[in-house]
Every structure is written in structure tokens, then in C-alpha cells.
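One rule links them: number in the working numbering = place in the sequence shown (from 1) + 51.
Virtual Cβ for every residue (Gly too), placed ideally from N, Cα, C.
First up is the structure itself, then whatever we jot down about it.
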Amino acid sequence: MEDAHSSAGSPRLAEDARGITRTFLSVLEPDDSSQADAVLLTVSELVTNAIRHAGGVTGFGLQADEETVTVRVADASPTPPYQRDTPLGEPGGFGWPLVLELAEEVRVSTHRSGKTIEAVLALAR
Numbered sequence: 052m053e054d055a056h057s058s059a060g061s062p063r064l065a066e067d068a069r070g071i072t073r074t075f076l077s078v079l080e081p082d083d084s085s086q087a088d089a090v091l092l093t094v095s096e097l098v099t100n101a102i103r104h105a106g107g108v109t110g111f112g113l114q115a116d117e118e119t120v121t122v123r124v125a126d127a128s129p130t131p132p133y134q135r136d137t138p139l140g141e142p143g144g145f146g147w148p149l150v151l152e153l154a155e156e157v158r159v160s161t162h163r164s165g166k167t168i169e170a171v172l173a174l175a176r
């Protein structure tokens with residue numbers, strides 16, 4: 052992927068990641084605000100999952116080309132995400148299925164220090 056724009060860091064909170072992403076998206080000037088909202092929601096869900104289930108974020112990055120944004124979130128757990136069977140009325144369990152629905156492509160790679168999840172989303176500009 053040829054980078055038109057990129058950003059990186061290790062946000063400690065989902066709120067921090069959303070702030071980085073909002074700044075990143077404002078530079079890109081997307082044509083469709085719903086696509087930008089999907090990127091923000093994906094970032095929020097992946098970072099929240101890393102914090103809640105995998106000991107925190109160890110890496111974070113955003114890359115864009117003319118048609119897509121790739122969100123990268125790394126954490127210290129090698130366990131891949133999975134869809135939980137959450138009883139009706141119980142909180143949680145919706146983040147990973149939501150990411151799979153919003154993204155055009157999702158890749159999970161494990162490595163010695165944990166895993167990295169990459170979600171590729173459409174973003175016309």
C-alpha cells in the first residue's frame with residue numbers, strides 16, 4: 052500500500068485513539084462522513100478490546116491511500132479475537148462482530164510478543 056498519509060503511537064485509552072483518528076481523518080477530508088464514522092468505531096472497538104482482553108495496546112497505526120484506511124492495533128496477547136456468546140441483556144460481546152462487519156478486510160497476525168490486527172476500511176476522498 053502506498054501511503055498517502057499515516058499516523059502511529061500507543062494510545063492508553065480508546066478516547067486517545069479516537070482523538071488521534073479524528074485528527075488523521077480531518078487531514079484526509081473524506082467524502083462520506085459515514086465511512087469516517089466506521090473508521091472511528093473500528094478504532095474504538097479494537098483498542099477497547101486490546102485494553103479489556105489483552106493487557107493493553109502495544110502498537111497503533113493508521114495508513115491511508117486514495118480509497119482505504121488501514122487500522123493497526125497490536126497487543127500483548129497471542130490469543131486471536133473470537134465471537135463471544137453473550138446472553139441477551141448482558142453487556143459486551145459486540146465489538147469483534149462489528150469490526151468484521153465494518154471492514155472490507157481483517158487480518159490477525161500473531162508474533163512472539165502478541166498479535167496485530169489490521170482492519171481495512173473504505174474511505175473515499
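Nonlocal neighbours in the same chain, by C-beta distance under 8 Å from residue i, ignoring five residues either side
{"i": "Thr99", "result": "Ala65 and Gly146"}
Boundaries of the alpha helix (DSSP H) in which residue i is found, first to last residue
{"i": "Glu152", "result": "Gly146 to Leu153"}
Continuous beta strand (DSSP E) stretch holding residue i: start and end
{"i": "Ala114", "result": "Reading off the sequence shown, one finds Gln at residue 114, where the question assumed Ala. Gln114 -> beta strand (DSSP E) spans Val108 to Ala115."}
{"i": "Ser160", "result": "Glu156 to His162"}
{"i": "Gln169", "result": "In the sequence under discussion, the amino acid at residue 169 is Glu, which differs from the Gln named in the question. It spans Gly165 to Ala173 - the beta strand (DSSP E) in which Glu169 sits, taken as one unbroken run."}
Cutoff 8 Å: residue i Cβ touching any chain C Cβ
{"i": "Val124", "result": "Of the protein chains in the structure, only one exists, and it is not chain C."}
Residue i burial status per 10 Å Cβ neighbour count (16 or more: buried)
{"i": "Asp126", "result": "buried"}
{"i": "Gly60", "result": "exposed"}
{"i": "Val171", "result": "buried"}
{"i": "Pro132", "result": "buried"}
Sequence-distant residues of its chain with Cβ nearer than 6 Å to residue i (five each side left out)
{"i": "Ala101", "result": "Val108, Val124 and Asp126"}
{"i": "Arg158", "result": "Glu169"}
Cβ shell of residue i (< 7 Å), same chain only, five flanking positions each side left out
{"i": "Asp83", "result": "Ala175"}
**Report entry** the region 69–88 contacting the region 109–118, beta-carbon criterion three pairs below 8 Å
**Finding:** yes
Query - Segments of 4+ residues assigned as alpha helix (DSSP H) that fall wholly inside the region 62–86 - result: 65–79
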